[in-house]
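For the sequence shown, our numbering assigns the number 2 to the initial residue and increments by one for each residue that follows.
Positions of the beta carbon are idealized from the N, C-alpha and C atoms, including for glycine.
Predicted, not measured: the structure shown is a model, and the values here were computed from it.
Working notes, structure below.
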Amino acid sequence: MWSKEQILQHLKENLKESRYNHTLGVVDMAKRLADINGVDQERAELAALIHDCAKNLHIDELFKILQDNSIEVDEIERISPQLLHGKVGAVLGEKLMNISDKEILSAVKYHTTGKANMSTLEKIIYIADYIEPNRNFDGVDKLREITIENLDRGVLGGIDNTLVYIIKNGGLIHPNTVEARNYLINTLKEVNK
């Protein structure tokens, strides 16, 4: 497996400076949330480091990597290829960086859409990407507070904000996001019974 230094060097060479800085912010937030939620900080750091490693690849290259690795692209991903960098990041993590931890790779794969029944690590990477310290949008401070208090409520808030944004902009909603939201709502209802 690549060392942290090798991964950082790869990111410096393959990401725009703003995306690299974003990644470091996600690492900080992921480690903080891992500590709060009883997840190994090194695993959270590794997932956060590689979550956007494919972000600056050309769309044609994203499709080629997935095709070469026999990974299916659904209709919504075909129309909205910005969603593909998570899947490709997981492939690069496994095939290029020799990361074998399936949960880390899954956290990278689903960090844009989420999915039903996410593990704690998957939730951490999903929301850390959204609320890392460099993010600045209306309500981000409140969402950070909610997430630190309750990870599930924070992830649900992030999903809700994302859905509002997608709808306002006439975008397509991936079924994984709907399933993630529904699962979290049911989970939170069960907890509050």
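Worksheet entry | Three-state secondary structure (DSSP) of L67 | helix
Worksheet entry | Three-state secondary structure assigned by DSSP to G171 | coil
Discussion item. If you reduce the DSSP assignment to three classes, tell me which class T113 lands in.
Written reply: coil
Worksheet item: Does the distance from the C-beta atom of A89 to that of I66 stay below 7 Å?
Response: The sequence given here places Val at residue 89; Ala does not occur at that position. Yes, these two residues count as a Cβ contact at 7 Å.
Worksheet item: With respect to the alpha helix (DSSP H) encompassing D130, which residues constitute its N-terminal and C-terminal limits?
Response: T121 to I132
Worksheet entry | Residue of M119, I51 and D41 minimising C-alpha distance to V27 | I51
Worksheet item: Excluding five sequence neighbours on each side, which residues of the same chain lie with their C-beta closer than 7 Å to the C-beta of I174?
Response: L164 and I167
Worksheet item: Quick one: what's got a C-beta closer than 7 Å to I37's C-beta in the same chain, skipping five residues either side?
Response: I149
Worksheet item: Using the beta-carbon count (16 or more within 10 Å), is R79 buried or exposed?
Response: exposed
Item to complete: Closer than 8 Å by C-beta to S101: which residues in its own chain qualify, once you throw out the five before and the five after it? Chain order, please.
Response: M2 and E95
Practice prompt. Following the continuous alpha helix (DSSP H) through R145, name the residue where it begins and the one where it ends.
Written response: V141 to E150
Worksheet item: Out of curiosity, what's the CA-to-CA distance linking N177 and V109?
Response: 14 Å
Practice prompt. Look at Y131 and G159 and say whether their C-beta atoms are less than 7 Å apart.
Written response: yes
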